[in-house]
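Chemist: Under my numbering, the sequence shown has 44 at position 29, and the numbering climbs by one with no breaks.
Beta carbons are placed, not taken as given, at the ideal position from N, Cα and C, and that holds for glycine.
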Amino acid sequence: MSKLPKPLHFCGDSQDILATFPEDARRGAGFSLYMVQIGREPGDWKPMPTVGVGVREIRVRDEAGAFRVLYVAKFLEAVYVLHCFQKKTQKTAARDIELGQKRLKTLLEERDQ
16 MSKLPKPLHF CGDSQDILAT FPEDARRGAG FSLYMVQIGR EPGDWKPMPT
66 VGVGVREIRV RDEAGAFRVL YVAKFLEAVY VLHCFQKKTQ KTAARDIELG
116 QKRLKTLLEE RDQ
């Protein structure tokens with residue numbers, strides 16, 4: 016019996032940004048998100064408690080650099096992609112963490128209504 020994938024919901028401009036990733040990075044991120052949708056772990060990820068409880072980061076590398084996808088999969092109805100970005104330094108930029116926090120807060124408020 017196969018498990019139906021959870022739908023993906025993109026917050027803000029995250030889908031548009033993901034579409035700008037180089038092809039290999041975009042495919043890697045897409046496959047990792049699919050794994051999450053069917054309830055499995057993506058290949059390379061880490062928890063992001065600085066963004067919020069249950070937030071994880073998919074890590075994708077290609078010749079153009081490091082790319083990240085912040086998401087939440089703890090809800091039954093969907094996987095929510097909070098933010099996508101290219102990582103330019105060793106440490107995640109404060110603006111990327113803050114945007115993820117803001118989008119998570121908005122998502123939680125919308126779910127409570």
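Looking only at its chain, what residues have a beta carbon closer than 6 Å to the beta carbon of leucine 114, apart from the 5 residues adjacent to it on each side?
Modeler: Against the sequence shown, residue 114 aligns to sequence position 99. Answer for leucine 114: His98, listed in chain order.
Chemist: For isoleucine 112, which residues from the same chain have a beta carbon less than 7 Å from its beta carbon, with the 5 sequence-adjacent residues on both sides left out?
Modeler: In the sequence shown, residue 112 corresponds to position 97, counting from 1. Hits under 7 Å: Thr65, Val66.
Chemist: Can you tell which of Ala108, Ala109, Thr121, Glu78 has the C-alpha that lies nearest to the C-alpha of valine 87?
Modeler: Locating residue 87 in the sequence shown gives position 72, where the first residue counts as 1. Of the listed residues, the one whose Cα sits closest to valine 87 is Thr121.
Chemist: So, alanine 40 versus valine 96, is the Cβ gap smaller than 8 Å?
Modeler: Within the sequence shown, numbered from 1, the residue matching residue 40 stands at position 25. Within the sequence shown, numbered from 1, the residue matching residue 96 stands at position 81. No. Outside cutoff.
Chemist: Which residue from Glu125, Gln52, Val84 puts its Cα closest to that of proline 22?
Modeler: Counting from 1 along the sequence shown, the entry for residue 22 is found at position 7. Looking at the Cα atoms, Gln52 is the closest of the given residues.
Chemist: Would a C-beta distance cut-off of 8 Å place leucine 119 and valine 70 closer than the cut-off?
Modeler: Numbered from 1 along the sequence shown, position 104 holds the residue referred to as residue 119. Numbered from 1 along the sequence shown, position 55 holds the residue referred to as residue 70. Contact flag set, yes.
Chemist: Let me know the secondary structure DSSP gives glutamate 78 once reduced to three states.
Modeler: Within the sequence shown, the letter at position 63 stands for residue 78. Three-state DSSP puts glutamate 78 in coil, outside helix and strand.
Chemist: For isoleucine 32, I'd like the list of residues in its chain whose CB is within less than 7 Å of its CB, leaving aside the five on either flank, ordered along the chain.
Modeler: Here residue 32 is taken as the residue at index 17 of the sequence shown, counted from 1. Cβ within range, chain order: Cys99, Phe100.
Chemist: Kindly list the residues whose CB is nearer than 8 Å to the CB of tryptophan 129, restricted to its own chain and excluding five residues on each side of it in sequence; keep chain order.
Modeler: Residue 129 falls outside the range modelled here, since the chain spans only 16 to 128, and no answer is possible.
Chemist: To which residues of the same chain is methionine 16 closer than 7 Å at the C-beta, ignoring the five residues directly before and after it?
Modeler: Position 1 of the sequence shown, counted from the start, is the residue given in the question as residue 16. Model confidence at methionine 16 stands at a pLDDT of 43, short of 50, so the residue's coordinates are unreliable and nothing is read from them.
Chemist: Report back the beta-carbon spacing between lysine 103 and phenylalanine 82 to the nearest angstrom; my notes put them in contact at under 8 Å.
Modeler: Residue mapping note: residue 103 aligns to position 88 of the sequence shown, counting from 1. Residue mapping note: residue 82 aligns to position 67 of the sequence shown, counting from 1. So it is not a contact: roughly 11 Å between Cβ atoms.
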